[in-house]
Amino acid sequence: MDSMHTGNATRSAFDRLVEQEWASLPAALQECGEIAVMRLAQALADAVANAASKMFDQANQSLTPLEREHWLSAADFARAIRLNLGHDFSRYFQAKYCHACKHPRVVPADRNNPFAMEALRVADQNTFGADVDADFMRQFSQFVARDSLQRVSECFATLLGVDLEPGDAPIGPRVISAALSDTFKIQPGHQDAKQRLLRTLHPEFLVRVNMLYRDMTSFMMALGFQSVSLSARVKSVESGPAPFAALDAPPAGVAHAGNAAPRFLSEPEAPQSVEAARPSMAQFNLGDWIEYRQSGEVTRQLKLTWVSPLKSLFLWTTPEARRALCVSPEELTSMFESGRVRRIPAPDGVDIQADAVKSLRKIA
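Residues are numbered in our numbering as their position in the sequence shown, beginning at 1, plus a constant of 1341.
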């Protein structure tokens, strides 16, 4: 009982420290961090759910009863931790993001390689007893395009006022890998089940990380945080044919799992302005309701509970104050245009202001 109280007290102290560090960050860094933590936590939850199904299928294909038991145990472990995993990951990612912003690892003056991808080239790790962090870095170089990492790192370097190696960006592979590793260390379960789950979820999770990098780059460029070299690339559109063609092509010989290659988002020729979608979002206030169609005929009633300081992120929750949807103004506008979202009045018997305050307290 004493050890349980000690563990809870330690977590509470850690959470308070993270909140203080997060609050001390500049508004722009907070904004980028909020987008990253929301997207990554959701990506991790989705990847774990899909990994559980894949491991169950793997168990059915196992040749020995012992191997089948191991895969079933890993699948059960994934289903058991999925609901709380996003929250635990968010805590550790926020802590490491703050540290990376306040204490960036600066590129040495004598280093000429702008990519510094040696940290992403790791010896082959085929056994389940090997270092899962090394496996993450190895697969990162397979499923995340180099230009995606390079561009988002350049934007963060401009924002922080330092030269950064791509791997050391505040949302780079080292920060994500460390947060993911710490998240799984505190989960109750057998080491073998954890490692099997991690190796199964890495590919799908990393494809979503690549998508986050592309979207984050467009967002930061729209706010004006882009390096001189990146500005030169954008301006060179007028002086040469297809200047982004070589940058957008995935690296030759990229390895991937399964029969389908990882999907990379195409880079827009010019970043979409964040302000362009904001006027239509100005009509929303905290406590407003929408009807969101997820798939087919499944619909949910969601309430606007939180808006980020720069109004670039909208958090919608269920009537039970559970996170359900976190989108940018552009994504929300697109949903309205496609018919997936429509505005509705507040349900009967709901006090909008009191309900919004209650939801915020529950989420906090």
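Every residue, glycine too, gets a C-beta built ideally from N, C-alpha and C.
In angstroms, rounded to a whole number, what distance separates the CA positions of residue 1483 and residue 1492?
Residue 1483 sits at position 142 when you count from the first residue of the sequence shown. Residue 1492 sits at position 151 when you count from the first residue of the sequence shown. Taking the straight line from one Cα to the other gives about 17 Å.
Would you call the CB atoms of residue 1434 and residue 1520 closer than 8 Å?
For this step, residue 1434 is matched to residue 93 along the sequence shown. For this step, residue 1520 is matched to residue 179 along the sequence shown. Yes, they are a contact pair.
Worksheet item: Below 8 Å, can you find three or more Cβ-Cβ pairs linking the region 1392 to 1411 to the region 1664 to 1675?
Response: no
- Taking residue 1646 as part of the beta strand (DSSP E), name the residues at either end of that continuous run. Against the sequence shown, residue 1646 aligns to sequence position 305. Taken as a continuous stretch (DSSP letters only), the beta strand (DSSP E) holding residue 1646 covers 1639 to 1648.
* Would you call the CB atoms of residue 1485 and residue 1554 closer than 8 Å? -> For the purposes of this step, residue 1485 is taken as the residue at position 144 of the sequence shown. For the purposes of this step, residue 1554 is taken as the residue at position 213 of the sequence shown. Cβ atoms of residue 1485 and residue 1554: closer than 8 Å.
Can you tell which of 1439, 1563, 1685, 1423 has its C-alpha closest to the C-alpha of residue 1542? Indexing the sequence shown from 1 puts residue 1542 at position 201. Residue 1423 is the option with its Cα nearest to residue 1542.
Review point. Which residues mark the beginning and the end of the beta strand (DSSP E) in which residue 1485 is found?
Key: Against the sequence shown, residue 1485 aligns to sequence position 144. Element bounds for residue 1485: n/a, residue is neither H nor E.
- prompt: Is it buried or exposed for residue 1358, if we count other Cβ within 10 angstroms and need 16 for buried?
  reply: Walking along the sequence shown from the start, residue 1358 turns up at place 17. It counts as exposed.
What is the DSSP secondary structure of residue 1446, reduced to helix, strand or coil? Here residue 1446 refers to the residue found at position 105 of the sequence shown. The answer is coil: DSSP assigns residue 1446 none of H, G, I, E or B.
Practice task
Would you list the residues sitting across from residue 1684 in a DSSP beta bridge?
Solution key: Taking the first residue of the sequence shown as position 1, residue 1684 is located at position 343. Looking at the DSSP assignment, residue 1684 forms a beta bridge with 1631.
- Stretch pair the region 1403 to 1410 + the region 1361 to 1376: three plus CB contacts closer than 8 Å: no
Just how far apart, CA to CA, sit residue 1657 and residue 1560? Position 316 of the sequence shown, counted from the start, is the residue given in the question as residue 1657. Position 219 of the sequence shown, counted from the start, is the residue given in the question as residue 1560. Roughly 20 Å between the two C-alpha positions.
In angstroms with no decimal places, state the Cα-to-Cα distance between residue 1539 and residue 1400.
-> Residue numbering aside, residue 1539 sits at position 198 when the sequence shown is read from its first letter. Residue numbering aside, residue 1400 sits at position 59 when the sequence shown is read from its first letter. For residue 1539 and residue 1400, the distance between alpha carbons rounds to 16 Å.
| Is residue 1359 helix, strand or coil by DSSP? | For the purposes of this step, residue 1359 is taken as the residue at position 18 of the sequence shown. Looking at residue 1359 - three-state DSSP - the assignment turns out to be helix.
Exercise. Three-state secondary structure (DSSP) at residue 1625?
Worked result: Working through the sequence shown from its first residue, we reach residue 1625 at position 284. In the structure shown, residue 1625 sits in coil (DSSP, three-state: anything other than H, G, I, E or B).
* Which residue's Cα is closest to the Cα of residue 1379: 1413, 1640, 1653, 1681? -> Along the sequence shown, read from residue 1 onward, the residue named residue 1379 stands at position 38. Nearest option by C-alpha distance: 1653.
Worksheet item: Whose C-alpha, out of 1662, 1529, 1383, 1354, is nearest the C-alpha of residue 1545?
Response: Position 204 of the sequence shown holds residue 1545. Nearest of 1662, 1529, 1383, 1354 to residue 1545, Cα basis: 1383.
Check your understanding: Based on the DSSP secondary-structure assignment, which residues constitute the bridge partners of residue 1658?
Key -> Counting from 1 along the sequence shown, the entry for residue 1658 is found at position 317. Beta-bridge pairing links residue 1658 to 1644, 1664.
Exercise for the section: Have a look at residue 1509 and residue 1442 and give me their C-alpha separation to the nearest angstrom. Expected result: As a position in the sequence shown, residue 1509 is number 168, starting the count at 1. As a position in the sequence shown, residue 1442 is number 101, starting the count at 1. Spanning the two alpha carbons is a distance of roughly 10 Å.
8 Å Cβ shell around residue 1614 - same chain, five flanking residues per side excluded: For this step, residue 1614 is matched to residue 273 along the sequence shown. Model confidence at residue 1614 stands at a pLDDT of 43, short of 50, so the residue's coordinates are unreliable; what they give is reported in the following sentence. Contacts found: 1563.
query = Grouping DSSP H, G and I as helix and E and B as strand, with all else coil, what is residue 1505?
reply = In the sequence shown, the residue the question calls residue 1505 occupies position 164. In this structure, residue 1505 counts as strand in the three-state DSSP scheme.
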